[in-house]
Structure formats: structure tokens, C-alpha cells
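Enquirer: Below: one structure in C-alpha cells.
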Amino acid sequence: MDKTYHPQAIEQRWYRLWEERGYFAPSGVGTPYCIVIPPPNVTGSLHMGHAFQHTLMDALIRLHRMQGYNTLWQVGTDHAGIATQMVVERQLAAQGIDRQQLGREQFLAKVWEWKAQSGGTITRQLRRLGSSVDWSRERFTMDEGLSRAVREAFVRLYDAGLIYRGKRLVNWDPKLHTAISDLEVQSEEEKGTLWHFRYPLTDGSGYLVVATTRPETMLGDTAVAVHPEDERYRPLVGKTVRLPITHREIPIIADSYVDPEFGTGCVKITPAHDFNDYEVGKRHNLPLINVFDQDARILHEFTVLTFEGYAGTHGEKAPPAYAGLDRFAARKQLVAELEDAGLVEKIEPHTLKVPRGDRSGAVIEPWLTDQWYVNAKVLAQPAIEAVEDGRIRFVPQQYENLYFAWMRDIQDWCISRQLWWGHRIPAWYDGRGNVYVGRSEAEVREKYSLAATVELRQDEDVLDTWFSSALWTFSTLGWPEDTPELRTFHPTDVLVTGFDIIFFWVARMIMMTMQLVKHPDGSPQVPFRTVYVHGLVRDAEGQKMSKSKGNVLDPLDIIDGITLDELVKKRTSGLLQPQMAERIEKRTRKEFPEGIAAYGCDALRFTFASLASTGRDIKFDLGRVEGFRNFCNKLWNAARYVLMNTEGQDTGLAGDCRYGLPERWIRSRLQRTIEATREALDGYRFDLAAQTLYEFVWNEYCDWYLELAKVALQGGDEADRRGTRHTLVGVLERALRLLHPLMPFITEEIWQRVAPLAGATGPSITLQPYPEAEASQLDPAAEAELAWVMNLILAIRRIRGEMNIPPAKPVPVLLQNGAEEDPVRLQHHRDYVERLARVGSLGWLQPGDEAPQAAVALVGPLKVLIPMAGLIDKGAELARLDKDIQRLARELSRLEAKLGDSGFQERAPQALVAKEQARLQELRAGLAELKAQRDRIQAL
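At position 447 of the sequence shown the residue is numbered 447 (UniProt numbering), and the sequence of numbers has no breaks.
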């Protein structure tokens, strides 16, 4: 093995070999186990959320593959309707080409051309993360098979009366000219204005004051609402007001939606341009007046509708001064006109949440338009029951409540989008507007007995990408055909996802699967048995990662490194905060003289696993990655030591072995580690599994056993040495298999060298069995015995540290009292104590002996004494400690003053205040320890 661990030298090489040799494909034997990858957008690139999520999925897949399951990790990408169309439109615009000029067919050809050339970025990055997906089965939501599945699902749902077309309010993006889902709307607080307008009572007796943040929508007002129990307005209910500008007469209604404590207690109701007002309008059968066109400009003629089957439309012309104006220009003009008319009560600044399209940045308008919908209420009930009766379980369980709350109040799902890129809706219209649904035009003509002379045009809209991804678990396995893969791997086993898409994806997958996929007995299938919900990846201060905040980290930069020039570019462009860039640069210059801070994939994956506590958001700090890169180094160096002492030697595969106390202890500890790791992974506690493995490898195997083994290797007879070598390679080989699901690359590289020495066979660790605990190797007596030895060694080391005795300087040790068996223990294990604690002399104080002036530690009833004569300069040590105490006291005083300043508490970010408070506790604890150490030395 190379002297130094270089992850870049091994990781990509091993991944290529694994993929080329087909190790990721199902074995065809054993119990099926399947995970479908949440399909990343084809336009995307790997971000920290992907890296976190795919680390957990890959750990589960590698674990079950090693456990002998017939394992499939189904991979694929989503066509990402809006995102992909925008990418290609921007490229065409750079060439001076407009989408409309090209036409639909040529534009789609350009999109497919882009997909072939640039659409595989994220799949290449998934490989770099070590994701052991079955690439031979890679799918795309627009490939031929999945497109067929989408058409089949739409037609079946339509024929069952579960899909319909209707006019409703949607989130409308006036820049992209399409409806978008709630997930594609980002609402963030912005500084705005609250206008208070006077609406005159028709009878001339006064006016009502209403407040609004969107004055332009008042052109579509159809009522003013007050709370039914509001005594101020109860006599006015049933009367009317004259709507300013339009002079339309509208009623005053009573509705419990109104909060009488907010503003004046009067609310303007605009059913065609506000989701809450729409519901109020439905309850009171108010007309819906649409005042905007698709660009959010004022229509020349308003569209007036009713809730009763959307019948009885008639026209109302816009006030001439407003027709064709952009909504914000109309707002400005309307406010000015109302001020001139004396109808403005007051204007005040107001902070509000403004909904913007996450792709376009445009302010979203609730807009009344014809769309296709899924009747979600009917589909929701079986999906609720599947979680209630345990066919599907959420981990952590509290997310079931979130799921139930949404499902029990679910609204019908708008599935149409006004785009060109996507699954075109399989519906056709004749000249009279009649709609016909089928898998193809030919099927439509046959299904509805339409003559060849009847001209049909297909619906221009495409389906929401969430519609095709809702079919993901079964469409990727060949549905609607009854394929062997569908019979073998469906229902899938676990879905790994973030809580933020439980509504948009998880719930819809459950509903669609249970409606469309059945068991042989006709009962509905669920898409998965377990939903493991993880938190979001945030920065070290707990802030959401975003480009605008400059706190985004690229996982590939962490894995493969970033040059100092690239770092400067990211800092200059605002992609990295100066403080974060400075931290990375400092570490880079210190640890990587070549200018590339590369931590490797295994260190990043182990970091994610260590942070994956149940359902909580994780605070990601590069310091953790650095710590686990050190863990990789520790494992690498331990393996090199083991190989240097075992290669070319008898490792006990054939000869007799004698196992001393350290060997029996480490074998027993290995069994405990296997049990704890498997239990943690079975419960999706990746953090506990990582902690267990870290402590065993670093503390027990490397720090203790490798040192204890040197005694036998350098002293015992051949049977002792053979037993030690056998244990060195055997425990290491099993530890590598335990680590492999979390750290696949370094474990493969080391395993290839260690496996032959341990008697393991096979071409790759990824195909090896995952370790199982062997009860016969549990040895509680050995664990207790060696614990005594370790505690004695630690007691001596602790005194060394407290008294600042140089590590290499041998020390005299005296023992006093102790348990009855302690002398026997010391006699058997004296070599370990003397060697590992650097003891010059070791003896017992007999009853009646006068104890010398010494530093003391306790190991149970056993008193450990180290005489100080000649070991330290008492005066120099006291002077050093006094200097350190004074330094810490000054720092503590400054920090207490800072935190005592109310101005700092009010102005500083909460994360900074918390950090300083934690530092205050550290300083106080450190100062107390220094004073205690001074007292101990003073007492000598």
C-alpha cells in the first residue's frame, strides 16, 4: 500500500471496475429488495441535499446486497418541464431564435438534442459519489416506456371519472405563461405597502374602509366581507357598496373567514384573483371577475363567471384608462386616481410574503383558467388507510401526522402545464369543443365512433412533471406490462426523501399506485413499505444553503478539491461568503500545499452518515469532513501497519493459534460492534452506526489493540504471534465489511490486500457477506479484565498530562489498596501496563508503608501514585499555570462584558450570540480545570 492515503487515486478507478463488472445489477437470488432513486432533474447538478440523500440510499443498498438480498437500486432522471424548457429557450435566445418562430416540433427536437449532449451531468456526478445504482436499467421520464405508462395512467383515471377539466384558480406565472405547483412557488418576506381605501355605501350613509396589498385586483372585487359577530358591521350586512373606479355595486356579506381584529375588520373579496377569496366566493355564490390576461395585464373586457357550472358568462369592459396596462402600472394609476377622489384613508409600509416563481422570479398571480385536475379526495382515502393500518410506515413516525393533516384536507390536483416540453395530454377536441380522451388519436376515433371526416386537434398542454414521477415506482419496472421486474421488485422497500416533498411526491405516489397497480387478488399495491424522511442540509450556522446567501457548498469541490483560483472566483461571484471562503483557503494552504483541498468521497459520505439523526435538519461543517478524512488516514495507516506485520507471515489459517487477553477482548468487542451497527442500520439510525464504527475502529482497534498486539508480536512464542496476526487481519477484514456501506472506496482498496491474509475469497468487498455477530466469540470476562488494564494505563497517562510530564519519560508507579484480584491481574498483564504507559518501575505499597509525595488517581478502589521527585520542576509548572490562568481570565472577562452588553444581544445574529455563549462556557470550564491542576501541584 502507498505510504499516504490519496482518495483520488483509488475512488474513480474502483467505481469504473464495479460498474463494468455488473456488480450493481440484481443477483437474481435471495429476497427482493428495491429502492427507487428520487429522480433528479435532468438539468441539475449534484448539490449537498443530493449527496446526503444518495449516501443514505447507497448505504442501504450496499448493506442489503451484502446481506444476500436480490437488490435493485432503480435509477433515472426527471425531464423537469419548466427548467429544461427554460435552458433551451435561453440557448436559442443567445442565437437570436425565438421558440415561437421555431414551432413546437422543431423546438422539441432542440430539447432532445440538448438532452443528448448535456443532460447527463448529474448522472456522472452520482457515479462520483459512489452510488451503486443499476445503470443498465437507467430510465428517463420522457423515454418511450415511461411515456406509454403516463398515457395509460391518464386514460385509466379519466375513464374512472378521476380526471376532469375545469376552470379554477391556479398559481400562474405571467412570465412563463404556465400554471405551476405550490412547490415551484417561493414565498419570502419583502417590504411592501398596505393601502386603506374607502368603499362608499350605495345609500350614501358613509363608507367602509378596506385594506389591501394588491390594489389592482380591486377591479375584480365582487363583495366586501365582515365577520358575522362583529357588532360594528352587523347592521350593514346585506347592504351594498359602490366599488371605486368601476362603480360596480357589490354586496356586504358576513363570513367567519374575516379576522375582526385585523385592520378595520373589512375585507375585499376578489374570487378570481385570491385563493382564500375564491373559497369565500364559492360559499356565497359570488360572481368571479377575471381582470388579467396571461401577461398579468388588465384585460380590455373582463370575464365574468359564476360557480354554477361556470355558466352565464358575460362581458364587462375595463375602465378605458386601465385596459392593457401591466398590473403594477395599473396599481400606481389606481392609487393616484383614488387619492384624487379622496378615497384613500391611509397608506403604510407593510412587510408581506410575496409569491415568486422559483424559475422565473416573476410575482405569481392566482389566475382563473381552464386546467386538467385529478380528483384527489377520492384517491386520498385508500392512501390514508394504508398508513393507518401499517402497510406503509414513516420513519420517524411523527411525519405520519404531517401526512394525515394534508391528506385529510387535500385539494384536487392541477396536472396541466402550458409548456411544450413534457408529456402532451392525451385528449383531443373537435370543432365544437367536445373532448375525447384516449391513448392515441386512432384509439379516440374508434373509442368514440368518430368518422374520419371529423377534424380533431390534440390538447396543447403537457402534464405536470409530478404526474409522471408519481408513477415512478412501477413505471420504471415496466408497467402497464406485467413484467418479471414488476412482479419481483414491487412494492419497493423504502423511499428515502426529504420532508419538503411529502405532499408533492410521496403522497401522490401512494395515491396513484394504489389506484393503478393491483396484487393478483385485486387488492391495491402500495409503492413502498417504508418512507424514511430525512432533514435538510444547512450550513454550519443552521442557515438554509442558497446562492443568494453565499453559503452553498459543492459536494464535488469537497470530494475532488478546489484550486485556490477557483475559490477566488466563487468568492468574487458571491457563491461563497468571504468567511467561508477564508476558512477553506486557510485549511487548503495548511494541509494541501499543491493548492487543492480534496477530502475524498468516503470522508464526505461518513460525515453525512454521522449527521443523519432521525428527521432533523443537519448543520454541515467542513470541520467534520476534515475529522473523518483523518479517520480515513487512521484506517489507512492501521492497515499498512497490519500488512507490514502479517504479509509473508503465518496468519493462522493453517497452524495452531493462541489467543491472549487482547485478542479475546477485541474479538468480543467486534461482536458487540456488529450487533450495534446492524441494529442502528435496521432502525435507519445512520448516525449511531457511524458513531459505533468510528469508536470501534479508532479507539478500540487502532488506539488499543494495535498497541497491545505489539507485545505479543515482539515477545511471545510462535503460537502467540500466530494468534495475534490472525486476529489483526481477521478483525480488520470484518471491520472493513462493516464500514463498506458507508465508506465503499477505501474499504475496497484495503480489503483487496487484507482479504487473502484473512482467508476471505471473492473479487470484491461489495459482494462479500455483511458480518453477523457470533455469540461464541463474546467474552465478557476478557472485556472486564482488559477494561481494568486500560483504566490503569489511562490513570497513569492522565497524571502525566496533568503534571506535564513528557510522554517519553519513564515514570515510577506505586499501587495501593485495590480489589483482591488486582495483584493477580497486574502479574498477568504487567507487560501491557509498563509498555503502553511508559512505566519505569511498578510496585505495591504495603500496609504501613509511608506514601511518598505523589500525584494520585483512582481506578475503582485501586489508588495509583506517581512520586513527583525528579519528574517535574514544581516552581516552573506553577509559573506556567499562573500565566495560562491569567490569560484565560482576561479572555473570560472580555467575553462576559461583550455578552452583558444589551446592544450586542439585540444587534448580533442569534447564531453568533449562541456561539459566543458556548465559548463562554468553554472558558469557564477551562479556567476551573487549570485552577484545579494548580491546586494539585501546589499540594505536592
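For every residue, glycine included, the Cβ atom is placed at its ideal position computed from N, Cα and C.
1) What is the DSSP secondary structure of R283, counted as helix, strand or coil?
2) Return the chain-ordered list of same chain residues with a C-beta closer than 7 Å to the C-beta of V435, the five sequence neighbours on each side being excluded.
3) Near L325, what residues of its chain come up, given a Cβ to Cβ distance below 6 Å and the 5 sequence neighbours on each side ignored?
4) Tell me which residues share the same chain as L108 and place their Cβ nearer than 8 Å to its Cβ, disregarding the 5 neighbours each side in the sequence.
5) In the DSSP output, which residue or residues are listed as bridge partners for E190?
6) So, T240 versus P251, is the Cβ gap smaller than 8 Å?
7) Just to confirm my understanding: we take Q649, look at its own chain, exclude 5 residues before and 5 after, and list those with CB closer than 7 Å. What are they?
8) Do you know how far the Cα of A149 is from the Cα of G652?
9) Take I269 as the anchor and find which of Y257, E301, K282 and D221 has the nearest alpha-carbon.
10) Where do the ends of the alpha helix (DSSP H) carrying K863 lie?
11) Taking the Cβ atom as the reference point for each residue, do A223 and Y257 lie within a distance shorter than 8 Å?
12) Beta-carbon within less than 7 Å of M743's beta-carbon, same chain only, minus the 5 sequence neighbours each way: which residues are those?
13) On the CB-based measure, 16 or more other CB atoms within 10 Å of its CB, does A179 come out buried or exposed?
14) Grouping DSSP H, G and I as helix and E and B as strand, with all else coil, what is T217?
15) Straight-line CA distance for L728 to R835?
16) Tell me the rounded alpha-carbon separation between T614 and M86.
17) Would you tell me roughly how many angstroms separate the C-alpha atoms of P771 and H519, rounded to the nearest one?
18) When DSSP labels each residue in this structure, what does K898 get in the three-state scheme?
19) Going by beta carbon distance, what residues of the same chain come within less than 6 Å of G68, once the five residues before and after it are set aside?
20) What would DSSP say about S440, mapped onto helix, strand or coil?
21) Does the structure place the stretch 503-516 close enough to the stretch 463-477 that three or more beta carbon pairs sit under 8 Å?
22) So, at 6 Å on beta carbons, what are the nonlocal neighbours of P7 in its own chain, with the 5 sequence-adjacent residues on each side left out?
23) Return helix, strand or coil for W420, following the three-state DSSP convention.
24) Between the stretch 384-391 and the stretch 177-195, do at least 3 Cβ pairs fall closer than 8 Å?
25) Straight-line CA distance for residue 942 to E802?
26) Classify I37: buried if its beta carbon has 16 or more other beta carbons within 10 angstroms, exposed otherwise.
27) G28 by DSSP, collapsed to three states: which one?
28) Which of helix, strand or coil does DSSP assign to residue 973?
29) With H, G and I counted as helix, E and B as strand and the rest as coil, what does DSSP make of residue 941?
30) Does the distance from the CB of W751 to the CB of L736 come in under 8 Å?
31) Name the residue from I746, E138 and S776 whose alpha carbon lies nearest to the alpha carbon of S668.
32) Locate the beta strand (DSSP E) running through T71, then write down its first and last residues.
33) Looking only at its own chain, which residues have a Cβ that is under 6 Å from the Cβ of residue 942, when we skip the five neighbours before and after it?
34) Going by DSSP, name the residue or residues bridged to A854.
35) Once you ignore the five residues that flank V526 on each side, which residues in its own chain have a CB closer than 8 Å to its CB?
36) Please classify D493: is it buried, with 16 or more other beta-carbons within 10 angstroms of its beta-carbon, or exposed?
Expert: Considering the structure as presented:
1) helix
2) R165, A427 and Y429
3) I298
4) W420 and W421
5) L352
6) yes
7) R725
8) 58 Å
9) D221
10) Premise fails: K863 lies in the beta strand (DSSP E), L862 to P867, not in any alpha helix (DSSP H).
11) no
12) D602, R605 and F606
13) buried
14) helix
15) 19 Å
16) 37 Å
17) 35 Å
18) helix
19) G30
20) coil
21) yes
22) G600
23) coil
24) no
25) Since the displayed the chain opens at 1 and closes at 940, residue 942 lies outside it and no answer follows.
26) buried
27) coil
28) An answer regarding residue 973 cannot be provided, because it is not within the stretch 1 to 940 covered by the chain.
29) This structure does not reach residue 941, given that the chain is present from 1 up to 940, and the question cannot be answered.
30) yes
31) S776
32) N70 to Q74
33) The question about residue 942 has no answer, for the chain in this structure spans 1 to 940.
34) P867
35) A386, R391, I392, P491, I510, T513 and M514
36) buried
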